[in-house]
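Residue numbers (my numbering): 2 to 388.
Input: a single structure, listed below in structure tokens.
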């Protein structure tokens, strides 16, 4: 053990929550770039699990760094049993240069059973009173729509003033295509048989990050506030904030919580109503394993959002860096607005459940989420922590 420690660079033996020490060690004894591939199981948008294959070309960071790699190139493809599929290419460089990080993504997705229940907190299953389905009509896909998206996104982050303070700017281009499914469909009644919308958007955000690690945090906060301007629809502006926190309660036990709010003004696209921008990655709202596990993907959308999540991450079998078994009871709550926005608990949709699964090595977490809420029980599969 002592001999092994003697071979580790001196910088790697010191804990460093700011990343400065790790950045100074970039040109020392970092591991070589490696390539790996592996299958994984992820969640689909209301059509069951998705079997995917991921190819990674990456350089591992120093052991005590708060990021898992200095740079990573990924290619990923997946498909469900009901015709949904996706292809994604990504680049992530948290150690691009001293004080700088960057990332980019190209993605093409088709979701054959994305949810459409209308807009705002009043959205309910079935058809609006003004447009009931014809007698005897097939309503199998009454609250489903096919959504196809082509996305190009890039982000650059600069550390400023203090090790934990950052400024991030991003730009994205989105081409979204919505089409009603066969039979009587609510989307066709409200939006027409098909809708095509393109969008160019830019975002600026201030980020405060005190997490102990980025890949498996157990203490610290990640706070973000930003504004976005888009050209899609008739043009829109968004202001938003996301707060995340982690508290270590003991070995293998962490309390994690998240709260978010967003407001759109102007004439945003439908896609903007169902997507919340975020540092490093956007968030799909409201519904699915990333935002509200008791709701279907696309269950609620609108020009405004309030969201809260809390979970207790417990590893009854805790093996340190080797992994462990995970049991995480959780509670999700949120609502959307169409038009006005307010901080309120009125019409707040609450659901809860438990996630069970396994953590392999330091950060590879696979979970099965079992949740129940106003729309009944739901089971989803996710790869990685919710936040």
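For every residue, glycine included, the Cβ atom is placed at its ideal position computed from N, Cα and C.
How big is the Cα-Cα spacing for residue 382 and residue 290?
Residue 382 sits at position 381 when you count from the first residue of the chain shown. Residue 290 sits at position 289 when you count from the first residue of the chain shown. About 7 Å.
Could you tell me the distance, in whole angstroms, from the CA atom of residue 317 to the CA atom of residue 229?
Taking the first residue of the chain shown as 1, we reach residue 317 at position 316. Taking the first residue of the chain shown as 1, we reach residue 229 at position 228. Using only the alpha carbons, I get a separation of about 42 Å.
To the nearest angstrom, report how far apart residue 333 and residue 30 are at their CA atoms.
Counting from one through the chain shown, the residue named residue 333 turns up at place 332. Counting from one through the chain shown, the residue named residue 30 turns up at place 29. Straight-line Cα distance between these residues: approximately 43 Å.
Taking residue 117 as the reference, give the member of 144, 103, 109, 125 with the closest Cα.
Start at 1 with the first residue of the chain shown, and residue 117 comes out as number 116. The residue with the shortest Cα to Cα distance from residue 117 is 144.
Confirm, please, whether the CB-CB distance from residue 220 to residue 213 is below 7 Å.
Position 212 of the chain shown, counted from the first residue, corresponds to residue 213. Position 219 of the chain shown, counted from the first residue, corresponds to residue 220. Against a cut-off of 7 Å, the Cβ pair of residue 220 and residue 213 comes out as a contact.
Kindly provide the ranges of any beta strand (DSSP E) runs that are 3 or more residues long and lie completely inside the segment 134-205, ordered along the chain.
Segments of the beta strand (DSSP E) lying fully in the segment 134-205: 145-160, 166-181.
Under 7 Å, Cβ to Cβ, is there at least one residue of chain B near residue 258?
Among the protein chains of the structure shown there is no chain B, as only one such chain exists.
Do you know how far the Cα of residue 63 is from the Cα of residue 300?
Sequence index remark: in the chain shown, residue 300 carries index 299 (1-based). Sequence index remark: in the chain shown, residue 63 carries index 62 (1-based). Rounded to whole angstroms, residue 300 to residue 63 spans 42 Å at the Cα level.
Please report the distance separating the alpha-carbon of residue 294 from that of residue 368.
As a working note, residue 294 is residue 293 in the chain shown. As a working note, residue 368 is residue 367 in the chain shown. The straight-line gap from Cα to Cα measures roughly 12 Å.
Can you list, in chain order, the residues of its chain whose CB lies under 8 Å from that of residue 129, leaving out five sequence neighbours each side?
Taking the first residue of the chain shown as position 1, residue 129 is located at position 128. These residues qualify, in order along the chain: 119, 187, 190, 191.
With a threshold of 8 Å on Cβ separation, who are the neighbours of residue 94 within its own chain once the five nearest residues in sequence on each side are excluded?
Mapped onto the chain shown, residue 94 falls at position 93. If we look at residue 94 and ignore the five residues flanking it on each side, its Cβ neighbours are 71, 72, 73, 102, 103, 104.
For residue 178, I'd like the list of residues in its chain whose CB is within less than 6 Å of its CB, leaving aside the five on either flank, ordered along the chain.
As a working mapping, residue 178 is identified with position 177 in the chain shown. Closer than 6 Å at Cβ, skipping near neighbours: 149, 197.
On the three-state DSSP scale, how would you describe residue 96?
Start at 1 with the first residue of the chain shown, and residue 96 comes out as number 95. In this structure, residue 96 counts as strand in the three-state DSSP scheme.
Among the residues of its own chain, which have a CB less than 7 Å from the CB of residue 319, if the five just before and after it don't count?
As a working mapping, residue 319 is identified with position 318 in the chain shown. The residues are 252, 253, 325.
Go ahead and pull the three-state DSSP assignment for residue 322.
Sequence index remark: in the chain shown, residue 322 carries index 321 (1-based). Correct three-state label for residue 322: helix.
From which residue to which residue does the alpha helix (DSSP H) around residue 273 run?
Locating residue 273 in the chain shown gives position 272, where the first residue counts as 1. That run of the alpha helix (DSSP H) goes 271-274.
Bridge partners for residue 310 per DSSP, in chain order?
Taking the first residue of the chain shown as 1, we reach residue 310 at position 309. Note: residue 310 sits in a beta bridge opposite 259, 333.
Please look up how many angstroms separate the CB atoms of residue 308 and residue 286, rounded, as I've assumed it's under 8 Å.
Numbered from its first residue, the chain shown carries residue 308 at position 307. Numbered from its first residue, the chain shown carries residue 286 at position 285. 7 Å between Cβ atoms; contact.
Starting from residue 370, trace the beta strand (DSSP E) both ways and give me its first and last residue.
If you number the chain shown from 1, residue 370 lands on position 369. Looking at the DSSP string, the run of the beta strand (DSSP E) that includes residue 370 is 365-374.
In terms of residue numbering, what span does the beta strand (DSSP E) encompassing residue 83 cover?
Position 82 of the chain shown, counted from the start, is the residue given in the question as residue 83. That residue, residue 83, is in no beta strand (DSSP E); it is neither H nor E in DSSP.
In its own chain, which residues sit with a C-beta less than 6 Å from the C-beta of residue 132, not counting the 5 before and 5 after it?
Translated into positions along the chain shown, residue 132 becomes position 131. The residues are 190.
Hey, could you find the ends of the beta strand (DSSP E) residue 301 is sitting in?
The sequence position of residue 301 within the chain shown is 300, counting from 1. First-last for residue 301: undefined, no H or E at that position.
Quick test of the definition: if touching needs 3 or more C-beta pairs under 8 Å, does the segment 256-263 touch the segment 236-248?
Touching, yes.
List the DSSP bridge partners of residue 338.
Stepping through the chain shown from its first residue, residue 338 is reached at position 337. 305, per the DSSP bridge assignment.
What did DSSP end up calling residue 386 once you bin it into helix, strand or coil?
In the chain shown, counting from the first residue as 1, residue 386 sits at position 385. The answer is coil: DSSP assigns residue 386 none of H, G, I, E or B.
Are the beta-carbon atoms of residue 373 and residue 354 separated by less than 7 Å?
Counted from its first residue, the chain shown places residue 373 at position 372. Counted from its first residue, the chain shown places residue 354 at position 353. In this structure, residue 354 lies closer than 7 Å to residue 373 by Cβ.
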